[in-house]
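S.K.:
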């Protein structure tokens with residue numbers, strides 16, 4: 111039997127549109143009212159049927175408005191993007207229902223029922239999140255155990271960094287090279303000295319007191335600056351014609367890439383001191399930095415090697431035919447092109463590095479995630495794990511998302527279409 | 100590796116000098132470290148050696164797949180940790196693959212809502228550190244579950260509460276016969292598929308292999324129940340009251356919350372990367388291939404199975420294997436929530452007890468290293484085999 115009169119067609123477009131939209135609105139209204147007011151509109155139906163009523167009504171409604179080439183631009187757009195066949199219609203409905211069901215409670219937890227005022231746990235009376243916890247502990251989350259009176263030093267170091275980075279976009283091209291060299295090699299030493307102190311009348315602050323988000327930035331920034339050149343030389347080494355250099359590079363890269371970072375950190379914590387002369391003490395933070403740097407350098411090497419391999423052979427031959435030596439060829443011709451090719455890979459390695467920093471808890475250094483772990487075990491603030499992790503997750507997410515967006519832009523900007 | 104290139108050209112001294120410097124430098128570093136290590140161990144009165152592995156471990160492990168208690172050796176504790184690592188990796192890989200493939204395909208959906216949802220899933224879970232996700236599930240989400248006496252009930256056979264997830268236990272008789280029947284079924288299916296492919300290539304006739312394979316897979320093991328003496332009963336978890344406030348579940352199998360949160364976080368995190376691989380793979384098959392296949396009269400299903408998938412898989416599999424490897428390595432984060440994997444059991448507890456840092460860390464690293472290297476050797480072999488043979 112063919113229900114041809116039920117087949118949506120252009121002639122009776124208005125009838126189909128009205129009845130279809132009515133059914134869709136009915137199905138959405140059922141779900142919304144059910145969720146917000148806890149009233150079941152279809153309670154008169156048998157239990158199973160009542161449960162599936164919205165999806166049935168919605169599917170029929172979407173079927174009725176599925177009119178090809180209706181001439182109505184909006185309708186055509188809806189049909190191609192959300193309603194191309196029955197399967198897609200059901201998926202669309204399911205996602206809409208899920209959004210209706212989960213978004214309001216989430217918003218309630220986040221904002222409407224959340225507590226923002228006060229400074230003890232008792233001030234959190236609502237059923238939502240207790241952001242008071244974050245507010246009270248924010249200083250610790252950002253600065254770790256760094257003494258309150260000295261926190262201006264961290265602030266100045268980071269403000270200096272931001273100003274320098276910002277200024278580097280505006281300085282004339284001639285000075286830019288030296289400016290960036292200063293930023294990469296001189297500034298880290300100044301910043302580190304400012305934060306650790308010990309000279310110039312600044313109080314010495316041991317690295318055990320460092321922590322929180324500022325430590326996340328310090329560890330990632332240093333590892334990032336250091337792992338890049340090491341990775342570059344390892345990549346060149348792996349592609350070298352000299353067997354001893356090639357095989358030692360391969361061995362080094364595969365060794366670090368084959369083990370998880372946490373075991374490398376364990377190694378730096380318990381095994382590395384055994385390898386140094388008795389009585390030598392290397393600071394925890396420096397040991398961690400060395401471990402993370404070597405680990406990420408191996409990954410960086412593989413990324414850069416990918417770029418080197420992707421370059422056409424003609425580039426090498428052209429450089430050689432101009433009489434360039436190995437180093438000149440690589441630094442002036444090969445690497446600039448190869449690095450441009452692998453910007454997404456480099457950005458991914460940097461992102462992985464930032465996401466790996468919480469692991470330094472293994473050696474007892476507490477950056478943001480570690481501080482949250484510490485704060486949630488404070489007897490006065492028990493039961494705040496959810497807020498703490500959501501906050502830390504949000505901070506990391508913003509950092510990583512911005513970085514990945516920036517790398518995509520950089521890729522577009524630097525791409526030289528041939 | 101290619102050892103053909105491993106010949107040193109003595110004529111060219113310019114090439115020799117940097118190599119000699121490198122080798123000497125590496126040897127010096129190793130010698131320096133060894134000397135210091137020997138001095139240090141001599142000062143502390145410990146000697147290097149792996150003999151401690153056969154000593155009694157005298158610590159307990161909360162969760163173990165094989166028989167283990169404190170009277171067993173350190174080697175056995177290592178094995179327990181290794182098996183737990185493998186267990187969580189296998190579970191993680193299984194769910195990451197399903198989730199990743201679903202999301203990867205969803206990202207290419209015509210449906211705007213579906214593709215956007217999939218995109219946001221990837222953006223959200225990829226950009227949050229894995230360790231934070233593990234902490235979130237373990238300390239925040241799973242801790243919010245009810246106590247044993249108010250467990251969430253799944254049809255009276257399975258219970259979820261703050262102590263873990265209790266599922267029915269399978270109690271088999273003659274399990275090995277059942278196992279053989281499954282192996283036999285796979286052998287039959289494999290030969291059937293080869294035969295079907297041969298016949299298709301020769302005569303162009305199609306055999307509905309998928310249906311027949313499924314039938315064999317069900318019928319053969321089912322037969323063992325009828326004639327092989329195999330039987331299966333379930334140990335359904337039951338609530339038992341120990342005292343007025345203490346309730347436990349007995350019978351059944353308990354899946355500890357550490358395992359749940361670790362597997363959940365690992366698979367949700369890795370799925371984002373697999374989804375991107377799947378998407379890239381499907382996009383990587385050029386449109387012309389599909390059009391060419393359609394123009395010779397293949398159906399939509401045939402196009403997907405015979406033209407698109409073989410080419411997409413060639414792009415998808417290498418990076419996805421890499422993700423599997425990453426997942427296995429990331430499972431070492433278990434140490435942060437005290438899931439007894441190899442790092443926690445061996446590099447944690449055992450190291451603390453014996454103080455043999457060099458031996459234990461080297462064994463742990465060597466285990467992961469051999470795993471990674473064997474997979475990368477396999478991948479190189481696979482890539483060579485699958486590479487498009489150009490004429």
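Chains as they are written, first to last, in this note's numbering: chain A, 111 to 528; chain B, 100 to 490. For each residue, glycine too, the CB sits at the ideal point set by N, CA and C. Computed from a prediction, not measured in an experiment: that's the story for all the values here.
1. So for residue 320/A, helix, strand or coil by DSSP?
2. Using 10 angstroms around the beta-carbon of residue 282/A, count the other beta-carbons present and answer buried if the total reaches 16, otherwise exposed.
3. Give every residue of the same chain whose Cβ lies closer than 6 Å to the Cβ of residue 355/B, excluding the five residues on either side of it in the sequence, and list them in chain order.
4. Give a yes or no on whether 7 Å exceeds the smallest Cβ distance from residue 331/B to chain A.
5. Could you confirm whether any beta carbon from chain A is found closer than 7 Å to the beta carbon of residue 228/B?
6. Rank 248/A, 261/A, 221/A, 143/A by C-alpha distance to the C-alpha of residue 236/A and give the top, closest one.
7. Thinking C-beta only, is residue 434/B closer than 7 Å to residue 444/B?
8. Below 7 Å between beta carbons: does that hold for residue 388/A and residue 139/B?
9. So, for residue 399/A: in the same chain, excluding its five sequence neighbours on each side, which residues have a beta-carbon less than 7 Å away from its beta-carbon?
10. Who pairs with residue 252/B in a beta bridge, going by DSSP?
11. Among all the DSSP beta bridges, which residues are the ones paired with residue 404/B?
12. Can you pull the chain E residues whose beta carbon is under 8 Å from the beta carbon of residue 247/A, in chain order?
13. Using C-beta distances below 7 Å, list every residue in its chain close to residue 491/A, excluding the 5 sequence neighbours before and after it, in chain order.
14. So, are the CB atoms of residue 402/B and residue 380/B less than 7 Å apart?
15. So residue 268/B is in the beta strand (DSSP E); what residue range does that whole segment cover?
16. What is the DSSP secondary structure of residue 334/B, reduced to helix, strand or coil?
17. Count the CB pairs spanning the stretch 258-268 of chain A and the stretch 502-509 of chain A that are closer than 8 Å, and state whether there are at least three.
18. Are the CB atoms of residue 142/B and residue 386/A nearer to each other than 7 Å?
19. DSSP three-state call for residue 161/B: helix, strand or coil?
20. Identify which residue in 494/A, 404/A, 346/A, 297/A has its Cα closest to the Cα of residue 336/A.
21. In three-state DSSP terms, what is residue 280/A?
22. Closest by CA to residue 497/A, which one among 482/A, 422/A, 457/A, 344/A?
23. Whose CA, out of 321/B, 458/B, 370/B, lies closest to the CA of residue 425/B?
24. Using a 10 Å radius around the Cβ and a threshold of 16 neighbouring Cβ atoms, would you call residue 226/B buried or exposed?
25. Less than 7 Å between C-beta atoms, sequence neighbours within five positions excluded: which residues of the same chain meet that for residue 460/A?
26. Which class does residue 529/A belong to by DSSP, given the choice of helix, strand or coil?
27. Shortest alpha-carbon distance to residue 319/A belongs to which of 412/A, 474/A, 397/A?
28. Return the CA-CA distance between residue 186/B and residue 179/B, expressed in angstroms with no decimal places.
29. Return the Cβ separation of residue 438/B and residue 361/B in integer angstroms, given the expectation that the two are a contact with Cβ distance under 8 Å.
30. How many angstroms separate the CA atom of residue 528/A from the CA atom of residue 353/A?
31. For residue 530/A, name the three-state secondary structure that DSSP assigns.
32. Our contact map puts residue 458/B next to residue 173/B with C-beta atoms below 8 Å; I'd like the distance itself, whole angstroms only.
33. Is it buried or exposed, residue 277/A, if we count other Cβ atoms within 10 angstroms and call 16 or more buried?
M.R.: Looking at the atomic coordinates:
1. Stepping through the first chain from its first residue, residue 320/A is reached at position 210. Looking at residue 320/A - three-state DSSP - the assignment turns out to be coil, as it is neither helix nor strand.
2. Here residue 282/A is taken as the residue at index 172 of the first chain, counted from 1. Exposed, because fewer than 16 other Cβ atoms sit within 10 Å of the Cβ of residue 282/A.
3. Along the second chain, one-based indexing puts residue 355/B at 256. The answer, listed in chain order, is 162, 263.
4. Taking the second chain and counting its residues from 1, the one referred to as residue 331/B is at position 232. No - not a single Cβ of chain A is within 7 Å of the one on residue 331/B.
5. Counting from 1 along the second chain, the entry for residue 228/B is found at position 129. Yes, contact with chain A.
6. Here residue 236/A refers to the residue found at position 126 when the first chain is read from its first residue. It is 221/A.
7. Counted from its first residue, the second chain places residue 444/B at position 345. Counted from its first residue, the second chain places residue 434/B at position 335. No; because the gap between Cβ atoms is not below 7 Å, this pair is not in contact.
8. The residue you call residue 388/A lines up with position 278 of the first chain. The residue you call residue 139/B lines up with position 40 of the second chain. Yes, these two residues count as a Cβ contact at 7 Å.
9. Position 289 of the first chain, counted from the first residue, corresponds to residue 399/A. Cβ within range, chain order: 329, 332, 333.
10. The count along the second chain starts at 1 and reaches residue 252/B at position 153. DSSP output for residue 252/B lists 258/B as bridge partner(s).
11. What you label residue 404/B is simply residue 305 of the second chain in a count that begins at 1. Bridge partners of residue 404/B according to DSSP: none are assigned.
12. Any reference to chain E falls outside this structure, whose protein chains are A and B.
13. Position 381 of the first chain holds residue 491/A. Cβ neighbours of residue 491/A beyond the five flanking positions: 231, 243, 485.
14. For the purposes of this step, residue 402/B is identified with residue 303 of the second chain, where counting begins at 1. For the purposes of this step, residue 380/B is identified with residue 281 of the second chain, where counting begins at 1. Not a contact, by the Cβ cut-off of 7 Å.
15. Residue mapping note: residue 268/B aligns to position 169 of the second chain, counting from 1. Per DSSP, residue 268/B belongs to the beta strand (DSSP E) from 268-272.
16. In the second chain, residue 334/B corresponds to position 235, counting from 1. The answer is strand: DSSP assigns residue 334/B an E or B state.
17. no
18. Within the second chain, residue 142/B is the residue found at index 43, counting from 1. Within the first chain, residue 386/A is the residue found at index 276, counting from 1. In this structure, residue 386/A does not lie closer than 7 Å to residue 142/B by Cβ.
19. Here residue 161/B corresponds to residue number 62 of the second chain, with the count starting at 1. Looking at residue 161/B - three-state DSSP - the assignment turns out to be coil, as it is neither helix nor strand.
20. Taking the first residue of the first chain as 1, we reach residue 336/A at position 226. When each option's Cα is compared against that of residue 336/A, the closest is 404/A.
21. Here residue 280/A refers to the residue found at position 170 of the first chain. Residue 280/A: coil per DSSP, three-state reduction.
22. Here residue 497/A corresponds to residue number 387 of the first chain, with the count starting at 1. Residue 497/A has its Cα closest to that of 482/A, out of 482/A, 422/A, 457/A, 344/A.
23. Along the second chain, one-based indexing puts residue 425/B at 326. The option with the nearest alpha carbon to residue 425/B is 370/B.
24. Locating residue 226/B in the second chain gives position 127, where the first residue counts as 1. By the 10 Å Cβ count, residue 226/B comes out buried.
25. As a first step, residue 460/A is located in the first chain; it is residue number 350 there, counting from the start. Answer for residue 460/A: 334, 513, listed in chain order.
26. Absent from the model: residue 529/A. The displayed extent of chain A is 111 to 528, so no value can be given.
27. Here residue 319/A is taken as the residue at index 209 of the first chain, counted from 1. Of the candidates 412/A, 474/A, 397/A, the one whose C-alpha sits nearest the C-alpha of residue 319/A is 474/A.
28. Residue numbering aside, residue 186/B sits at position 87 when the second chain is read from its first letter. Residue numbering aside, residue 179/B sits at position 80 when the second chain is read from its first letter. Going from the Cα of residue 186/B to the Cα of residue 179/B covers about 10 Å.
29. Against the second chain, residue 438/B aligns to sequence position 339. Against the second chain, residue 361/B aligns to sequence position 262. Confirmed, Cβ separation roughly 5 Å.
30. Taking the first residue of the first chain as 1, we reach residue 528/A at position 418. Taking the first residue of the first chain as 1, we reach residue 353/A at position 243. Caution is warranted here: a pLDDT of 46 is assigned to residue 528/A, below 50, making its placement in the model unreliable, and the coordinate value is therefore given only provisionally. Near 36 Å, if we compare the C-alpha coordinates of residue 353/A and residue 528/A.
31. Given a span of 111 to 528 for chain A in the structure shown, any question on residue 530/A remains unanswerable.
32. Within the second chain, residue 458/B is the residue found at index 359, counting from 1. Within the second chain, residue 173/B is the residue found at index 74, counting from 1. That pair is no contact at about 10 Å.
33. Along the first chain, read from residue 1 onward, the residue named residue 277/A stands at position 167. Exposed.
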